[in-house]
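To keep things clear, I will list the structure first and then write my remarks on it.
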Amino acid sequence: MYRSISANKRNTVVIMAVFLLIIGGLGALAGYAYQSWTVTIAVIIIAMIYALIQFFMASREALAINGAREVSKQDAPELYRIVENLSITEGLPTPKVYIMQDPSPNAFATGRDPKTASVAVTTGLLEIMDKREVTAVLAHEMGHVKNYDILVNLVAFGLVGAIGMLADILARTFLYGKNNRDNKNPIMIVFGLVGLILAPIAATLVQLAISRQREYLADASGALTTRDSEALASALEKLKTHGQPMIKQNKSTASMFFSNPLKKAGGLFQTHPPLDERIKRLRENATKM
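Per this note's numbering, residue 395 is the first one in the sequence shown, and the count goes up by one each step.
And the structure:
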């Protein structure tokens, strides 16, 4: 179990490096378009500034666009106590607690670090799961907080947005810019445009890969916290029969959720690992915790 957690952490570092390589590649294309390495440097700096702005705004955006409403201890005493107890167990500050009015059973955590963290659950999750299962799901989300997955998600969110913005601007430059109309190497222009089209797709695939890696890690962390891997496996089993797309859907925040909040997608475009695989891993490692 601990070897798996260490491997997931190493993989995430590699994946995040790929993001920076994609941005560097887009910067090089910009430099080619304007025949200036100064443009390359400027593009990279602009992309990082944009990603930084997105990084600081993303947490509030994620809560707002998913219709999350903050609740106090008086509003939802049992839910709040569960979060408080898990925070004490993990030695973390108690995050803000939110509820989303949605029949789909789901949850997510967000924030830049444990001090700014928030956890949100849907009314659907509270309705179909018992206290033991809700505790297991929230332990999973607190695992995201403890492991700084929430930070990784926000960084990925910002970088994907920056890559999409750069690709759009540079595609217009390659198509309509005077430097490229006069350029005598149309093969390079075509090559550049193909790169600009593929860059956002590659960035999205990397973001989804991050999500899948971190879900396994959070499952393991949550099970270690509660010493009750079967409760989390049971919660995942319920998702197989009661799971449904959320009413309020947003692709940009889908990877933050406990399970896929969108219509199912297969292959590389999965936001989460298959439920059966997550359940299998939990039960196989139950005796090792």
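Glycine included, every Cβ here is placed at the ideal spot set by N, Cα and C. Computed from a predicted model, the values in this text were never measured in an experiment.
Length of the line joining the Cα atoms of A514 and Y426: Within the sequence shown, numbered from 1, the residue matching residue 514 stands at position 120. Within the sequence shown, numbered from 1, the residue matching residue 426 stands at position 32. One C-alpha to the other measures close to 45 Å.
Closest Cα partner of M442 within the set H636, Q468, K657, I557: Residue mapping note: residue 442 aligns to position 48 of the sequence shown, counting from 1. Considering only alpha carbons, the answer is I557.
CB contact check: W431 to chain C, cutoff 9 Å: Absent from the structure: chain C. Only one protein chain is present.
Between the CA atoms of N547 and S649 - distance to the nearest angstrom: For this step, residue 649 is matched to residue 255 along the sequence shown. For this step, residue 547 is matched to residue 153 along the sequence shown. Rounded to the nearest angstrom, the two C-alpha atoms are 8 Å apart.
Three-state secondary structure assigned by DSSP to M494: As a first step, residue 494 is located in the sequence shown; it is residue number 100 there, counting from the start. The answer is strand: DSSP assigns M494 an E or B state.
Where F450 falls, given that 16 or more other Cβ within 10 Å makes a residue buried: If you number the sequence shown from 1, residue 450 lands on position 56. With fewer than 16 other Cβ atoms inside 10 Å of its own Cβ, F450 counts as exposed.
As assigned by DSSP and simplified to three states, the class of R463: Residue numbering aside, residue 463 sits at position 69 when the sequence shown is read from its first letter. Strand, per DSSP.
For L676, the nearest candidate out of A596, E624, K632, L414 (CA to CA): The residue labelled residue 676 in the question sits at position 282 within the sequence shown. Scanning A596, E624, K632, L414 for the CA closest to the CA of L676 turns up E624.
Cutoff 6 Å; reference P497; Cβ partners in own chain excluding five residues on either side: Against the sequence shown, residue 497 aligns to sequence position 103. These residues qualify, in order along the chain: G518.
Coil, strand or helix - T488 by DSSP: The sequence position of residue 488 within the sequence shown is 94, counting from 1. Coil at T488, not helix or strand.
Beta-carbon proximity of E527 to L626, cut-off 9 Å: Position 133 of the sequence shown, counted from the first residue, corresponds to residue 527. Position 232 of the sequence shown, counted from the first residue, corresponds to residue 626. Yes. Within cutoff.
Status (buried if at least 16 other CB within 10 Å, exposed otherwise) for G616: Counted from its first residue, the sequence shown places residue 616 at position 222. Buried: at least 16 other Cβ atoms inside 10 Å.
Supposed close pair N679, L611 - CB separation, criterion 8 Å: Counting from one through the sequence shown, the residue named residue 679 turns up at place 285. Counting from one through the sequence shown, the residue named residue 611 turns up at place 217. Actually they do not touch by this definition, with Cβ atoms about 12 Å apart.
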